[in-house]
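Structure first, commentary second.
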Amino acid sequence: MDQEKSHSCCCVLDASTYVGFWILKKLLSRGYSVHAAIRKNGDSEIEETIREMEATEERLVVYDVDVLDYQSILVSLKTCNAVFCCLDSPEGYDEKEVDLEVRGAINVVEACGRTESIEKIVFSSSLTASIWRDNIGTQKDVDEKCWSDQDFCRNKKLWHALAKMLSEKAAWALAMDRRLNMVSINPGLIVGPSVAQYNPRPTMSYLKVFRKYFPIFLFWFEFDEKVLVTGAAQMYENGVLAYVDVKFLADVHIRAYEDVSACGRYFCFNQIVNTEEEALKLVESLSPLIPMPPRYESVMQGSEVYEERLRNNKLSKLVEAGSAC
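The opening residue of the sequence shown carries number 1 in the UniProt record's numbering; numbering runs sequentially from there.
As structure tokens, this is what we get:
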């Protein structure tokens, strides 16, 4: 990081999301000043922690924002050079939340266009914005050029995927219209410290999709009601189930800001889950949100390896030695 950026001020909106909080922590550790914009979603442990940090961290200022209130966003962006837009619903996703997230994304980007100091928008999206459509099982490569199909998502009630896809597309359209510098990060399922405690419903919104039996993901869990975790099964058998550690993900977001050549979309994941061994590792990392099934050895019958379809060559170039459009 050059000396000029080390004195930059960045806004993280919403800083009380799981990803937003880790970006905030990474920014502070790198010497940035941070505006922590927090949506009023009710009190949370992360929000409480951020407010306690403000009392002792002179480079941190907390702002209360409503993403449907354009003026409150403008206030939080004042003097900032970048915004990390991390919109996520703490209560999970339904059809109503899709509309709210799209409107919020539009307001954030529009507010950036009204400020003179913002140099770059780093928009946090999801792999689910790219992997859901009828023919996913026949496509060899799934990369940043791919988008989920809107009608498919609506018909299957894939609200998380629909929210991420529509909000990211809306953000891109407006950013290009306003000639704003924007980069999007599309992470796989996010894992990390206490993820089951701090990010339960968004995690389950990512995983809970279809009600189709698939042995390796036949898990029962208590989450509003007993349901089968079957979105994971569909992603698993189609070679598009992947996860990423939140600390690495936060680093990637900041790298996308610091690297002037970063552009476009970036798929971000540490591991593609296409074997039974990797599936079990993922379940263990999400415990107790998804408990290990009793006598799981009995369902571990085969050793089938599913073809990997996800590609993140762009990310490798960004992390290692720059980036490519």
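From the three backbone atoms N, C-alpha and C, an ideal C-beta is built for every residue, glycine too.
Query, Result
"Could you give the residue range of the alpha helix (DSSP H) that holds Gly239?", "Taken as a continuous stretch (DSSP letters only), Gly239 belongs to no alpha helix (DSSP H), as it is neither H nor E."
"Considering only heavy atoms of the ligand COA, does any lie closer than 7 Å to the CB of Leu180?", "No copy of the ligand COA occurs in the structure displayed, which carries no ligand at all."
"The beta strand (DSSP E) that contains Arg51, what's its start and end?", "No beta strand (DSSP E) holds Arg51; the alpha helix (DSSP H) holding it covers 45–56."
"Could you pull out every residue in the same chain whose Cβ sits closer than 7 Å to the Cβ of Ile152, ignoring the five residues on either side in sequence?", "Before going on, a small fix: residue 152 reads as Phe here, not Ile. Here the set comprises Trp132, Arg133, Asp134."
"Look up Cys9 in the DSSP assignment and say whether it is helix, strand or coil.", "strand"
"Hey, Val67 and Cys112 are a contact pair by Cβ (cut 8 Å); roughly how many whole angstroms apart?", "Rounded, the Cβ-Cβ distance is 13 Å, inconsistent with contact."
"Which same chain residues, not among the five before or five after Gly104, have their C-beta less than 7 Å away from its C-beta?", "Val67, Leu68, Leu87"
"Evaluate the contact criterion for the segment 55–64 versus the segment 22–36: three or more CB pairs, one atom per stretch, below 8 Å.", "yes"
"Check whether the Cβ atoms of Val109 and Ala15 sit closer than 8 Å, and answer yes or no.", "no"
"For Ser285, list the residues DSSP reports as bridge partners.", "Bridge partners of Ser285: none, in fact."
"Could you say if the segment 115–128 and the segment 91–102 meet the contact criterion of at least three C-beta pairs nearer than 8 Å?", "no"
"Can you tell me which of Ile121, Thr203, Thr49 puts its alpha carbon nearest to the alpha carbon of Ile190?", "Thr203"
"Strictly by DSSP, which residues pair up with Val183?", "Val122, Gly264"
"Under the DSSP definition of a beta bridge, which residues are partnered with Ala37?", "Leu13, Tyr63"
"Looking only at C-alpha atoms, which of Arg265, Asn270, Tyr266, His253 sits nearest to Leu241?", "Asn270"
"Using only alpha-carbon positions, find the residue among Asn274, Pro193, Ser72 that is nearest to Ser287.", "Pro193"
"Given a threshold of 16 other Cβ atoms within 10 Å of its Cβ, counted over all protein chains shown, does Val183 qualify as buried or as exposed?", "buried"
"When you compare the segment 311–322 with the segment 236–256, are there three or more beta-carbon pairs, one atom per stretch, that lie closer than 8 Å?", "yes"
"Does the pairing of the segment 136–151 with the segment 303–314 give three or more beta-carbon distances under 8 Å?", "yes"
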